[in-house]
Amino acid sequence: MAGIYVHIPFCKQKCHYCNFYSLSLQKLKHPFLNALLQEIDERKSYLQNETIQTIYYGGGTPSLLQAVEIETILRALKQQFDLVENPEITLELNPEDVSKTYLKEIKNIGINRLSIGVQSFFNDDLAYLNRKHSVAQAQQVISDAQECGFEKLTIDLIYGIPTLTDEKWNKNLDLFFQFGLKHLSAYALTVEPRTVLARRIEMKKAAAIDENQSIRHFEQLIQRMEANNFVHYEISNFAQPGHYSKHNSLYWLGANYIGLGPSAHSYNGSSRQWNTSNIDEYLQSTSRAQVIFEKEILTKTQKYDEYVMTSLRTSWGCDLEHIKNVFGNNFADYCLKEAQKHIKNNLLKQEGNRLYLTNQGKLFADGIAADLFCDETI
Ligand code: SF4
-6 MAGIYVHIPF
4 CKQKCHYCNF
14 YSLSLQKLKH
24 PFLNALLQEI
34 DERKSYLQNE
44 TIQTIYYGGG
54 TPSLLQAVEI
64 ETILRALKQQ
74 FDLVENPEIT
84 LELNPEDVSK
94 TYLKEIKNIG
104 INRLSIGVQS
114 FFNDDLAYLN
124 RKHSVAQAQQ
134 VISDAQECGF
144 EKLTIDLIYG
154 IPTLTDEKWN
164 KNLDLFFQFG
174 LKHLSAYALT
184 VEPRTVLARR
194 IEMKKAAAID
204 ENQSIRHFEQ
214 LIQRMEANNF
224 VHYEISNFAQ
234 PGHYSKHNSL
244 YWLGANYIGL
254 GPSAHSYNGS
264 SRQWNTSNID
274 EYLQSTSRAQ
284 VIFEKEILTK
294 TQKYDEYVMT
304 SLRTSWGCDL
314 EHIKNVFGNN
324 FADYCLKEAQ
334 KHIKNNLLKQ
344 EGNRLYLTNQ
354 GKLFADGIAA
364 DLFCDETI
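Numbered according to my numbering, the sequence shown terminates at residue 371, and the numbering increases by one at each position without gaps.
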């Protein structure tokens, strides 16, 4: 079980909250595509012939590529990697880029799952975020994608935006259900350092985020999704049975993956590595047949910490038996001991050998996971 992530580092304009690696230098698109094909060739052995189940085009804005360019990348991946018969192939798209013709084209080349960056069904929220698209464009793309027969369709929504009242957030969820979508990714707006949003809030040009509002929205979200039979299968992801993202599940279940393109991360079970984020360096290094990356060999403790962090965020929970088998009894004992106070406070629950966050605990997921982390002396 393994996956491929392809990072397309271009955006038409920078959203104010975004700290992903992206550029507006579309003139670099062709050199980038050549470099990416070179990287695919160079790194074809990274996963040591593991079978690939999923491919994910993320960014940046992959829908800035023409269908024929996406197909060229896909063809190279098929040539160099061993793919299962029907891999899940996801493309992230932004509503402003996409026509019905484009959707038909990408469906024809094999894209079978779309992730649409809607963020909100209100234009004032989109303006706060500096998104380029309008609500009308977002609604049109969802309908067009449905008409084109994309059954695997997810949208992103953001909550906790200062302009997004509780009523508007409810309305966003109403619209999500009205479209009959089967998967939702919902994220709390966070102010990352060195983003335009951070500067605008500092200069009092944008309203600051209210943490209580985010918490209310998260609680509303859980309640509405549960009432509509969605599984909260990862802290930011909800799906009806059979509609989970296979690609993201693969990350959360600790499978191996290769990340291609500038700033993309890879994991092979023993080390994690990440490509240079600098596009010039990336282009030069691929032309010398040597992608520049940094690498970290993970210690047993780091692997345990990562397992606790990711597994707790999922509906599969943190498996003490797995910890015992992979890391040893002392890690499992430590984990269970540290979990006790959170079990007592109803933030964690234990069922058999597994620990799960309660709905209340989901509000403090990172802090609870950090309490279960080990130090190197264990
Ligand atoms: S479209 Fe996505 S990657 Fe590009 S700036 Fe906006 S949030 Fe960031």
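Backbone N, C-alpha and C fix where the C-beta goes; we use that ideal spot for every residue, glycine too.
What you are looking at is a predicted structure, and each value in this text was computed from that prediction instead of being measured.
Rounded to whole angstroms, what's the CA-CA distance from residue i to residue j? Just pull it up for me.
i	j	result
Q233	E85	20 Å
H9	R106	27 Å
F13	K7	10 Å
F114	N165	6 Å
Y297	C311	11 Å
C328	R306	15 Å
F320	S263	14 Å
L40	H0	18 Å
L291	R265	7 Å
M(-6)	L168	35 Å
V111	L119	9 Å
K337	E78	47 Å
I63	I99	8 Å
E212	L340	14 Å
I(-3)	R217	33 Å
N346	L313	5 Å
N123	D159	21 Å
K97	E204	41 Å
H210	Q73	44 Å
With burial defined as no fewer than 16 other Cβ atoms inside 10 Å of the residue's Cβ, what is the status of residue i: buried or exposed?
i	result
K145	buried
P373	Outside the shown range of the chain (-6 to 371) lies residue 373, about which nothing can therefore be said.
E32	buried
S38	exposed
A28	buried
I19	According to the sequence displayed, residue 19 carries Gln and not Ile. Looking at its Cβ environment, which holds fewer than 16 other Cβ atoms inside 10 Å, Q19 is exposed.
Q206	buried
S278	buried
T94	exposed
E219	exposed
E227	buried
Q283	exposed
H23	exposed
L150	buried
A200	exposed
L373	Outside the shown range of the chain (-6 to 371) lies residue 373, about which nothing can therefore be said.
What three-state label does DSSP hand residue i in the structure shown?
i	result
L214	helix
H9	coil
R106	strand
N322	helix
L146	strand
G360	helix
D312	strand
Y152	strand
Y300	helix
N268	strand
S428	Here the chain covers residues -6 to 371 and nothing more, so residue 428 does not appear.
I202	coil
E43	coil
R306	coil
Y327	helix
N249	strand
K125	coil
G354	helix
V134	helix
Output the residue ranges of the beta strand (DSSP E) runs that lie fully inside the stretch 68 to 104 and measure 3 residues or longer, sorted by chain position.
75 to 86
Quick one: complete beta strand (DSSP E) runs, 3+ long, within the stretch 165 to 198?
176 to 181
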